[in-house]
Structures are given as structure tokens and as C-alpha cells.
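Using the numbering used here, read the sequence shown as starting at 38 and increasing by one per residue.
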Amino acid sequence: MKRYSRFVWGVYYLRHRFAGLSVTSWGRSPLHNAGLPGSVADSQHLEWTAADLVWDPGTRPADGTLKAAAREVGIEVQHEADHDHIELATGWL
Ligand SMILES: [Zn+2]
38 MKRYSRFVWG VYYLRHRFAG LSVTSWGRSP LHNAGLPGSV ADSQHLEWTA
88 ADLVWDPGTR PADGTLKAAA REVGIEVQHE ADHDHIELAT GWL
């Protein structure tokens, strides 16, 4: 619960820091996760401590800016083909 609460707070922080972001995927059931292309069995989406972000045109911050802001709240960013995957940093709580 602490990890989940921390992640939710972090997403809230990022949402207010960067207008124009939307979440397209957050928590997943094991069945839903397994059916997604490229999904991994130990995905943090299964623990609800990961989310996928998309951006309104022209609103995505530079990689370094986004990663630094996320790091402030214990979140790691991985840029994927059509979204940014964010998850609670390893060892956070
Ligand atoms: Zn993801």
C-alpha cells in the first residue's frame, strides 16, 4: 500500500507539473497484461505501480526534464515507441 500510495502521489505531481499528459494504461490484471504485445510477466503494471503516458501535441518535455522531475518523486521513465512507461523506482519504499 505504501508503494502504491507513493506512486499515485508521484503521478499526481507529474500531472500538475506537466499539463498535457494523459495516462493510457495503469493497473492491469494478470490476464490483461499477458495478452498485451511486449508485456513482461513481472511488470509493475500488475502491482499498479506503473503507468503509460501519452502527451498532447507539443507538450512532452525534454527527456532530461521529464526524468529529473520523475526522479524527484521516486519514479523512473522509459521511453517506448508510442508512450512513456513510468514506474516506481527500484528500492523506493
Ligand atoms: Zn507500461
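Glycine included, each C-beta is placed from N, C-alpha and C at the ideal position.
Between the segment 99–115 and the segment 62–79 there are fewer than three C-beta pairs closer than 8 Å, too few to call the two in contact. Within its own chain, the residues whose Cβ lies closer than 7 Å to the Cβ of ALA88, once the five positions on either side in sequence are excluded, are VAL48, VAL60, SER62, TRP63, ILE123, listed in chain order. The Cβ atoms of THR96 and ALA56 sit closer than 8 Å to each other.
In this structure, the beta-carbon distance from HIS120 to LEU90 falls below 8 Å.
Take LEU103, set aside five residues on each side of it, and the residues of its chain with a beta-carbon closer than 6 Å to its own are VAL114, in chain order. According to the DSSP assignment, ASP100 belongs to no beta strand (DSSP E) but to the alpha helix (DSSP H) extending over 100–109.
Here GLY111 is actually not in contact with ARG54; their C-beta atoms are around 14 Å apart, not less than 8 Å. The alpha-carbon of ARG40 is positioned some 21 Å away from that of SER76.
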